[in-house]
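Report on the following structure.
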Amino acid sequence: MFWKRKNKEVFEDRKSDSDMTKLYPMSQSGKIKKKQQDVLGFLEANKIGFEEKDIAANEENRKWMRENVPENNRPATGYPLPPQIFNESQYRGDYDAFFEARENNAVYAFLGLTAPPGSKEAEAQAKQQA
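Sequential numbering of the sequence shown, starting at 1, is according to the UniProt record's numbering.
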């Protein structure tokens, strides 16, 4: 939900900032959703099989994710935020790690998968091995 100011004059008679109602929207959830959609879109477009685990509706999934993100990948305070990516039970990384791998044409390696023949990643691996 957001509020849109229709008329500037509505706020002119306030005496100070403390007279104005302040709204602190949770913009983080929109960012999380965009990141999740980015990962899912990539996996679907590249026909990479995956199983989506909803942590909002399932406490068991949320607990498992939190417990299986390695200590050195957790935030200083709070819990790790989705999306967190695993290959079976092996932690692969968060969205930032996924994004970096995608930018470097190394997503299959990031996911712990073999790059399909003819992909940019497979070609890059072949050049490195030659």
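Cβ coordinates follow ideal geometry from the N, Cα and C atoms, glycine included. Predicted, not measured: the structure shown is a model, and the values here were computed from it.
Q: Report the residue ranges of all alpha helix (DSSP H) runs contained in full by the stretch 59-90; include only those spanning at least 4 residues, in chain order.
A: 59-68
(Q) Below 8 angstroms on the Cβ atoms is my contact criterion, and I expect arginine 102 with phenylalanine 42 to pass it. Report the Cβ-Cβ distance as a whole number of Å. (A) Residue mapping note: residue 102 aligns to position 102 of the sequence shown, counting from 1. Residue mapping note: residue 42 aligns to position 42 of the sequence shown, counting from 1. That belief holds up - the Cβ atoms of arginine 102 and phenylalanine 42 are roughly 7 angstroms apart, short of 8 angstroms.
Q. For tyrosine 95, is the classification buried or exposed, using 16 other Cβ atoms within 10 angstroms of its Cβ as the cut-off for buried?
A. As a first step, residue 95 must be located in the sequence shown, where it is residue number 95. It is buried - the Cβ of tyrosine 95 has at least 16 other Cβ atoms within 10 Å.
Q. Would you call the CB atoms of proline 83 and lysine 35 closer than 7 angstroms?
A. The sequence position of residue 83 within the sequence shown is 83, counting from 1. The sequence position of residue 35 within the sequence shown is 35, counting from 1. Cβ distance < 7 angstroms, so proline 83 and lysine 35 count as in contact.
Q. Which residues in the same chain have their Cβ closer than 8 angstroms to the Cβ of valine 39, if we skip the five residues on either side of it in sequence?
A. Counting from 1 along the sequence shown, the entry for residue 39 is found at position 39. Closer than 8 angstroms at Cβ, skipping near neighbours: Pro83, Ile85, Tyr95 and Phe98.
Q) Taking the continuous alpha helix (DSSP H) assigned at aspartate 96, which residues delimit it? A) Within the sequence shown, residue 96 is the residue found at index 96, counting from 1. It spans 95-103 - the alpha helix (DSSP H) in which aspartate 96 sits, taken as one unbroken run.
Q. Buried or exposed: phenylalanine 110, going by 16 or more other Cβ atoms within 10 Å of its Cβ?
A. Start at 1 with the first residue of the sequence shown, and residue 110 comes out as number 110. Buried, since its Cβ has 16 or more Cβ neighbours within 10 Å.
**Q.** Alpha-carbon spacing of lysine 120 relative to tyrosine 108, whole angstroms
**A.** By one-based count along the sequence shown, residue 120 stands at place 120. By one-based count along the sequence shown, residue 108 stands at place 108. If you take the alpha carbons of lysine 120 and tyrosine 108, they lie about 11 angstroms apart.
Q | Reference alanine 56; option with closest CA among Gln129, Gln90, Ser29 and Ala124 | A | The count along the sequence shown starts at 1 and reaches residue 56 at position 56. Comparing Cα positions, the closest option is Ser29.
(Q) Quick check on this structure: which residue in Asn68, Pro80, Asn73 and Gly118 has the alpha carbon closest to the alpha carbon of lysine 32? (A) One-based indexing of the sequence shown puts residue 32 at position 32. For clarity, residue 32 is isoleucine in the given sequence; the question names lysine instead. Comparing Cα positions, the closest option is Pro80.
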